[in-house]
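Quick notes on the structure that follows.
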Amino acid sequence: MQLIIQKVKKAQVSVNGTPISSISAGLLIYIGFQRTDTPAALHKAVQKIKSLRLFDDAPIATHHHIMLISNVTLNARMKGNKLDYHIMMEQDKARSMFECMVREMRRVHGVVSTGQFGSNSEVECVVDGPFNFLYEIEGGGESVKR
């Protein structure tokens with residue numbers, strides 16, 4: 022599982038030019054699921070997000086907003102001049118994992134905004150910092166990249 026976590030001042034996602042979701046100050050999180058991802062890895066990611074100390078060295082509070090966006094291109098690998106998606110999770114399973122992630126985040130955080138799974142979206146945001154963080158979970162272990 023790959024996540025890009027951005028600290029934002031605001032974010033909005035639109036589908037076909039129509040805004041469907043927006044947040045003010047909080048986290049914009051892009052998620053890409055891999056074939057090997059499990060519910061346990063998903064739970065681990067939710068716990069990591071919940072405990073991140075990005076706001077005045079304190080965990081994310083309920084007044085900070087969260088927006089989750091599915092993003093299959095996070096799992097693409099460069100193969101010559103083409104993108105190779107062989108490690109990405111099949112669409113139906115990825116949709117189920119994304120819905121589970123949204124439910125789990127809402128359980129631990131409350132209100133969580135989302136994009137529309139599988140759609141071609143336009144995401145606008147004002148990044149705070151800038152702060153961008155890549156978090157990977159592979160095979161039960163975690164590796165962190167910046």
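If you're matching positions, the sequence shown starts at 22 in my numbering and goes up one per residue. Note that beta-carbon positions come from the ideal geometry of N, C-alpha and C, so glycine has one too.
Do residue i and residue j have their CB atoms nearer than 8 Å?
i: Ser45; j: Gly136; result: no
i: Leu63; j: Cys121; result: yes
i: Cys146; j: Gln23; result: no
i: Ile158; j: Ala32; result: no
i: Ile90; j: Val133; result: no
i: Val29; j: Val148; result: yes
i: Asn96; j: Gly53; result: yes
i: Met110; j: Asp58; result: yes
For my contact list, residue i and residue j are in at a C-beta cut-off of 8 Å; report their separation, rounded to the angstrom.
i: Ile25; j: Asn153; result: 6 Å
Put residue i into one of helix, strand or coil per three-state DSSP.
i: Ile26; result: strand
i: Gly150; result: strand
i: Thr39; result: strand
i: Arg167; result: Since pLDDT at Arg167 reaches only 46, below the 50 mark, its modelled position is unreliable, and no value is offered.
i: Ser140; result: coil
Taking residue i as the reference, give the member of the options with the closest Cα.
i: Lys69; options: Asp149, Val147, Val129; result: Val129
i: His84; options: Gly47, Val34, Asn92; result: Gly47
i: Leu49; options: Lys114, Ile81, Ser117, Ala97; result: Ile81
i: Lys71; options: Glu143, Val144, Arg127; result: Arg127
i: Asp105; options: Thr94, Asp113, Ala115; result: Thr94
i: Tyr51; options: Asp113, Thr39, Phe119; result: Phe119
i: Asn92; options: Gly38, Gly150, Glu125, Gln55; result: Gln55
What alpha helix (DSSP H) runs, 4 residues minimum, are completely inside the segment 43-130?
60-72, 112-130
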